[in-house]
Each structure stands twice: as C-alpha cells, then as structure tokens.
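Residue numbers for the sequence shown follow UniProt numbering, so the first one is 1 and each next one is one higher.
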Amino acid sequence: MTDASPLDALPKLGSAEIAALSAARSNRWRPGLAERKNGQGGQFARHSEVFASGREACGAGLALSLALDELRSQATGEGAEAEDRRSVLWVQDKEAARLTGRPYRPGLPQEIRHRVIHVLAEKPQDMLFALEEGLRCRDLACVIGELAGNPKALDFTASRRLSLTAEKHGVPLWLVRLDAARDLSSARLRWEVTSAPSPAPEWNAEAPGVPSWQAELFRARAHAPGKWYLREEAGRLVQYPLPGRGEDTKAWRGTRLAGVGEGIAHFATAARPSPSYASSARASFAILSPHGERVGA
C-alpha cells in the first residue's frame with residue numbers, strides 16, 4: 001500500500017473554478033467582461049465610462065454593444081424572457097446630441113428598438129439628475145448616457161454618487177464621454193474607443209462592414225488593462241485580429257475605415273438635429289416616446 005501524497009489533502013477545484021482563476025487577470029477579451037466582479041465585496045462593475053471622439057458614433061456604438069453583451073451573458077434560465085423586456089434609458093445633454101445626433105431607432109438592434117426611452121437634457125446638471133434617477137429604477141435593463149467635454153458638474157463626488165447608486169440598485173450605467181479628457185472618476189471600467197476597419201463582407205465587398213472598434217480598457221478593478229479589436233458577429237461581441245501579425249489578410253482586402261454611417265449600421269445615430277431645437281424646448285430636458293414623440297409639455 002503506497003503512502004498518500006500531500007497533494008491529496010489539497011482542496012479539489014472544479015473546471016469552472018480553475019477557469020475563473022486563470023481568467024482573473026487575463027487580458028484576453030471574453031463576452032460579458034463588464035459583468036465580472038470588481039473585487040469589492042462581490043459587487044459587479046455597474047459603472048463604466050467610454051471615451052470617444054465627438055466626430056464619430058463609435059462611443060455610443062461600443063457602449064451599447066458592451067451593454068447588450070453583458071445583458072445577453074446574464075440572460076440565461078427562466079428569467080431570460082422577462083429580462084429582455086426591460087427598457088433602456090438613453091440620456092444625452094444638448095452638446096452631445098449636437099455632436100453625434102439622437103439615437104436612430106431603425107438602426108438600433110431589434111431586441112431593444114422599441115424599448116428605448118430617450119431623454120434630452122438641456123444642461124449637464126439635468127443630465128446627471130436624469131442618470132441618477134434612472135439608476136434607481138430596477139425595471140430598467142441599463143442606462144446609457146452621452147456627455148460632451150469635462151463639465152464642472154461631473155466632478156469626483158458626482159461620479160461617486162453615480163457609482164453608488166448603480167451598485168445599490170443593480171442597474172448598469174454606461175457613460176459615453178465625448179471629446180473629454182481623462183479626469184478623476186469612480187467608474188469601475190474605463191474605455192477609450194476609436195473606429196476600426198471592418199472586414200469586407202464575404203459575398204459583397206462593396207457592402208457596409210459589420211460594426212468594428214479598437215477598444216482600450218485603461219482602468220479596471222478585476223481585469224488587466226488591454227487593447228482589443230472588437231466587432232459584432234451573430235449578435236455577439238467578439239475579438240478579432242488585425243492583419244500584419246501573421247493572420248490571414250485576404251478578408252481585409254478592400255476594407256475601409258468605419259466612420260459615421262459606415263460599419264456601424266446596427267448602432268448608427270440619427271442625423272444631427274436642427275440647431276433651433278434647443279430654443280424651442282420649454283423644459284430643462286425632454287422625454288421622447290419609443291416613436292420619437294415628445295412626452296409632456
């Protein structure tokens with residue numbers, strides 16, 4: 001009879017636990033990254049920021065794609081159908097709407113096309129108020145905000161309030177920072193995004209490409225920072241390589257930069273609103289119905 005090995009006394013780990021340990025500090029992309037625990041008391045990373053140029057629609061596009069990627073990763077089991085019916089709150093200040101336009105409903109993913117509640121705020125203070133009130137509503141799937149520049153209203157205290165509210169009520173917030181400098185923030189995940197070339201479609205090289213982004217995660221609590229080239233593929237957000245690093249480049253022939261209206265068809269924004277829309281507003285912010293109609297006076 002052989003002596004028992006000292007290793008036998010160690011606790012046995014299942015395959016899921018081993019995979020979780022190996023991926024804890026991995027810089028490889030995986031679906032649902034944003035839903036991973038942030039290491040503080042088992043809470044999830046509910047507050048994320050996406051920095052992008054106001055000349056492109058890539059910021060809102062990636063924020064929406066990341067949000068849907070998280071929701072799809074969580075929507076398993078019996079509650080999946082009920083989860084999919086929750087509304088999405090989309091809040092913009094007037095400068096963000098001027099830069100990128102309002103959300104274009106026919107270009108949104110079909111699963112949320114008729115569940116988007118759009119709020120147009122006159123001032124950054126009003127926008128932050130709308131964001132915080134939305135985060136208190138557990139009937140929302142997520143909250144997406146678009147804010148231009150570095151307004152004084154969004155200081156660290158205001159950022160901390162958003163983080164605490166999102167974590168307390170379990171509603172994720174994706175705040176797009178247009179033409180903004182990296183300032184102090186309590187966001188758990190912070191991204192920098194630009195448009196990336198879309199691979200040419202297999203059957204028609206002249207057709208628009210799929211939504212593609214170059215995304216840099218420069219701050220995270222439970223995930224190593226890194227850079228990825230991401231794109232939408234069959235309803236999922238996946239990583240893909242760029243040519244010139246040993247990969248097959250045939251699919252990249254004839255590609256073009258995915259700018260506004262190109263390569264982001266599923267997350268396109270509407271044409272820029274009329275400059276006179278702000279002067280016609282009677283309230284600090286306006287709420288639009290799923291059909292684009294103004295709600296209330």
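Glycine included, each C-beta is placed from N, C-alpha and C at the ideal position.
Here the structure is a predicted model, which means the values were calculated and not measured.
Who are the Cβ neighbours of residue i in its own chain at under 8 Å, not counting the five residues just before and after it?
i, result
"residue 139", "86, 87"
Once you ignore the five residues that flank residue i on each side, which residues in its own chain have a CB closer than 6 Å to its CB?
i, result
"residue 238", "none"
"residue 91", "119, 127, 130, 131, 145"
"residue 163", "47, 186"
"residue 136", "169"
"residue 95", "148"
"residue 165", "132, 135"
"residue 105", "113"
With a threshold of 7 Å on Cβ separation, who are the neighbours of residue i within its own chain once the five nearest residues in sequence on each side are excluded?
i, result
"residue 59", "50, 52, 176, 178, 193"
"residue 154", "124, 128, 147"
Just to check my reading of the structure: residue i and residue j have Cβ atoms closer than 8 Å, yes? What is that Cβ distance to the nearest angstrom?
i, j, result
"residue 197", "residue 61", "Not quite, the Cβ-Cβ distance comes to about 15 Å (not below 8 Å), so this is no contact."
"residue 67", "residue 172", "7 Å"
"residue 65", "residue 232", "6 Å"
Between residue i and residue j, what straight-line distance do the alpha-carbon atoms span, to the nearest angstrom?
i, j, result
"residue 145", "residue 97", "11 Å"
"residue 181", "residue 189", "16 Å"
"residue 167", "residue 202", "43 Å"
"residue 108", "residue 102", "12 Å"
"residue 158", "residue 151", "11 Å"
"residue 234", "residue 200", "16 Å"
"residue 99", "residue 113", "22 Å"
"residue 143", "residue 74", "16 Å"
"residue 160", "residue 184", "10 Å"
"residue 121", "residue 56", "21 Å"
"residue 230", "residue 221", "21 Å"
"residue 70", "residue 89", "16 Å"
"residue 236", "residue 156", "33 Å"
"residue 226", "residue 45", "17 Å"
Determine which residues share a DSSP beta bridge with residue i and list them.
i, result
"residue 87", "140"
"residue 52", "178"
"residue 212", "231"
"residue 191", "50, 217"
"residue 311", "Here the chain has residues from 1 to 297 only, and residue 311 is not among them."
"residue 93", "121"
"residue 239", "230"
Can you tell me whether residue i sits near the ligand ZN, meaning its C-beta is under 8 Å from at least one heavy atom of the ligand?
i, result
"residue 197", "For the ligand ZN, the structure offers nothing, since it holds no ligand at all."
- Using 8 Å as the Cβ pair cut-off and three pairs as the minimum, do the stretch 200-212 and the stretch 175-184 touch? With contact defined as three or more Cβ pairs closer than 8 Å, the stretch 200-212 and the stretch 175-184 are not in contact.
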